[in-house]
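Numbering (this note's numbering), first residue to last: 403 to 453. Cβ coordinates follow ideal geometry from the N, Cα and C atoms, glycine included. Please read all numbers here as calculations on a predicted model, not as lab measurements.
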């Protein structure tokens with residue numbers, strides 16, 4: 403959805419799904435950042451870094 407991306411939406415969703423499966427396969431714990439304002443997203447990340 404911007405000039406830097408060459409994937410369409412469907413391709414981006416597929417890439418995301420494959421990445422999530424791969425990270426989980428190798429034992430990574432996934433924490434998704436909620437869709438929110440930049441300030442709230444930063445706050446969420448900072449709180450999780452302290453844990």
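{"query": "Backbone secondary structure at residue 425 - three-state DSSP", "result": "helix"}
{"query": "Alpha carbon of residue 437 to alpha carbon of residue 422, nearest angstrom", "result": "17 Å"}
{"query": "Integer Cβ distance of residue 425 from residue 432, believed to fall under 8 Å", "result": "6 Å"}
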